[in-house]
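Before any comments, here is the structure.
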Ligand SMILES: NC(=O)c1ccc[n+]([C@@H]2O[C@H](COP(=O)([O-])OP(=O)(O)OC[C@H]3O[C@@H](n4cnc5c(N)ncnc54)[C@H](O)[C@@H]3O)[C@@H](O)[C@H]2O)c1
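Numbering (the working numbering), first residue to last: 39 to 405.
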């Protein structure tokens, strides 16, 4: 018989495409955490499908969450927990379930709450942004920021169900779509480079097809490596640089934009280390650029090198003083390791490289 520990670690996520059998919502002990965006006109938008599926809803069991990185903090988690305990008059039982409806910020915070209430309660997720459908809603990473450090407090806690309701995509802005495309393209690049590079087939296949392909792939990769120690790390392409930029901008730059620039930096760094040929580098750079567009990142603070060094070495992926960077080669994706004690020169070169390449997303590469 399996121990409860291994069961807890087991991946049980079921992903469902726009299937409105919402019987799982019809449960007395449900509590909703919903992105603030849907607070207004809630009866006219997609959210009403979910509200009306909840027989026992009395609108006091909803926590409306402001989706900002500044609000992605432990204090918000405590406010949610307070509201849940107040709503259930202190009787929060093991069979209670959290239903989270929103973008990545809402899902990360809600999933963290689900992972710690009664040491874990049921979690159902309805991602509402492109980025959260392709990435944040899949794979069980939960968490909040600690001061200016990204996702430093969190857990691995896969949802029981993830429901893909593509109607939510219709209200996203162009920038929000671009943010999502970054993660979608990144995952498809890792999954299937031929498909990725045959640009026409990528764009000819519809967005739903690509989202679902991406989600299924991510789910498969995460199921065999929930704790992000092995191949799942490949999905962090662009994220080490991206998280640094988010922190440096004091979270004024969106996660999608930061990861976009992070991916361009990873491509150039791969070329710089001669892992990627110039032709491939240019092709991949221009591919991302053509979809995600121009984006200018300006660093106006002081002590760039010291700040970046601290951020680099406080990255969650630093284990035994060793930073793992994900790079792109002509044929695949690979990891390189930099030890903070033995590879000091390379780390300093890397920081110079980041400084020199902050404007990388300014234009296409031409010869
Ligand atoms: N857990 C993970 O594996 C994982 C993976 C990638 C990213 N993330 C996290 O996800 C977050 C970014 O998520 P995001 O890009 O979804 O952004 P977000 O959650 O910040 O949402 C962006 C904006 O879109 C609004 N919004 C949500 N749904 C909408 C809709 N259907 N129409 C119009 N507006 C809508 C929100 O209110 C918000 O203003 C970051 O905090 C990042 O760290 C987590």
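We put the beta carbon where it would ideally sit given N, CA and C, even for glycine.
Helix, strand or coil, according to DSSP, for residue 101 in the structure here? Strand.
Own chain, CB closer than 8 Å to residue 46, minus 5 neighbours either side, in chain order: Low confidence applies here, because residue 46 scores a pLDDT of 38, under 50, leaving its location unreliable; read the following figure in that light. These residues qualify, in order along the chain: 158.
Use the C-beta contact count for residue 332: other C-beta atoms within 10 angstroms, 16 or more gives buried, fewer gives exposed. Here residue 332 is exposed, its C-beta having fewer than 16 other C-beta atoms within 10 Å.
Less than 8 Å separating the beta-carbons of residue 308 and residue 365? Against a cut-off of 8 Å, the Cβ pair of residue 365 and residue 308 comes out as a contact.
Give a yes or no on whether the C-beta atoms belonging to residue 166 and residue 139 are separated by under 8 Å. Between residue 166 and residue 139, the C-beta gap is smaller than 8 Å, which places the two residues in contact.
Can you find the residues in the same chain that come closer than 6 Å, C-beta to C-beta, to residue 378, ignoring five residues on each side of it along the sequence? The residues 351, 359, in chain order, have a CB closer than 6 Å to that of residue 378 in the same chain once the five nearest residues on each side in sequence are set aside.
CA-to-CA distance, residue 91 to residue 177, given in whole angstroms: Their backbone Cα atoms lie some 26 Å apart in a straight line.
Are there any heavy atoms of ligand 1 lying less than 7 Å away from the beta-carbon of residue 340, as far as the coordinates show? No; taking the cut-off as 7 Å, the Cβ of residue 340 has no heavy atom of ligand 1 nearer than that.
Does ligand 1 have even one heavy atom less than 7 Å from the beta-carbon of residue 124? Set against 7 Å, the gap from the CB of residue 124 to the closest heavy atom of ligand 1 is not smaller.
What span of residues does the alpha helix (DSSP H) with residue 153 cover, start to end? Element bounds for residue 153: 142-154.
Cα-Cα separation, residue 400 to residue 217: Residue 400 and residue 217: Cα-Cα distance of roughly 16 Å.
Please say whether residue 105 and residue 144 have beta carbons closer to each other than 8 Å? Cβ distance < 8 Å, so residue 144 and residue 105 count as in contact.
Quick check: residue 314 and residue 305, are their CB atoms within less than 8 Å of each other? The Cβ atoms of residue 314 and residue 305 lie closer than 8 Å to each other.
Within a Cβ cutoff of 8 Å, which residues of the same chain sit near residue 146, ignoring the five residues on either side of it in sequence? Taking residue 146 as the centre and dropping the five residues before and after it, the same chain places the C-beta of 110, 174, 179, 180, 181, 182, 189, 192 closer than 8 Å to its C-beta, in chain order.
Compare the C-alpha of residue 116 against each of 310, 150, 132, 338 and name the closest. By alpha-carbon distance to residue 116, the top candidate from 310, 150, 132, 338 is 150.
Could you check what DSSP says for residue 187 in three-state terms: helix, strand or coil? Looking at residue 187 - three-state DSSP - the assignment turns out to be strand.
Among 369, 265, 70, whose alpha-carbon lies nearest the alpha-carbon of residue 355? By alpha-carbon distance to residue 355, the top candidate from 369, 265, 70 is 265.
Might you give, ordered along the chain, the residues of its own chain that have their beta carbon closer than 8 Å to the beta carbon of residue 289, omitting 5 neighbours on each side? Beyond the five residues adjoining it in sequence on each side, residue 289 comes within less than 8 Å, by CB distance, of 106, 107, 108, 183, 186 in the same chain, given in chain order.
Given a cut-off of 8 Å on the beta-carbon distance, is the pair residue 418 and residue 363 in contact? Because the chain here runs from 39 to 405, residue 418 falls outside it and cannot be looked at.
Would you say residue 87 lies against chain B (beta-carbon separation less than 8 Å)? In the displayed structure, chain B is absent; only one protein chain is listed.
Since residue 375 sits in a beta bridge, which residues does DSSP pair it with? Note: residue 375 sits in a beta bridge opposite 362.
What's the gap between the Cα of residue 52 and the Cα of residue 224? Those two C-alpha atoms are separated by around 23 Å.
Among the candidates 152, 119, 120, whose CA atom is the shortest distance from the CA of residue 135? Nearest C-alpha to residue 135 among 152, 119, 120: 152.
Measure the alpha-carbon distance for residue 371 versus residue 219 and round it to whole angstroms. Rounded to whole angstroms, residue 371 to residue 219 spans 19 Å at the Cα level.
Ligand 1 and residue 282: does any heavy atom of the ligand fall closer than 7 Å to the residue's C-beta? No, ligand 1 has no heavy atom inside 7 Å of this Cβ.
Reducing DSSP to helix, strand and coil, say where residue 335 ends up. Per DSSP, reduced to three states, the secondary structure at residue 335 is coil, with no helix or strand assignment.
8 Å contact criterion, which residue 155 and residue 122 should meet: CB distance rounded: Contact between residue 155 and residue 122 holds, with the beta-carbon distance rounding to 7 Å and staying under 8 Å.
Counting C-beta neighbours from all protein chains within 10 Å, is the total for residue 98 16 or more, i.e. buried, or is it exposed? Residue burial is scored here from C-beta neighbours: residue 98 has fewer than 16 other C-beta atoms within 10 angstroms and is therefore classed as exposed.
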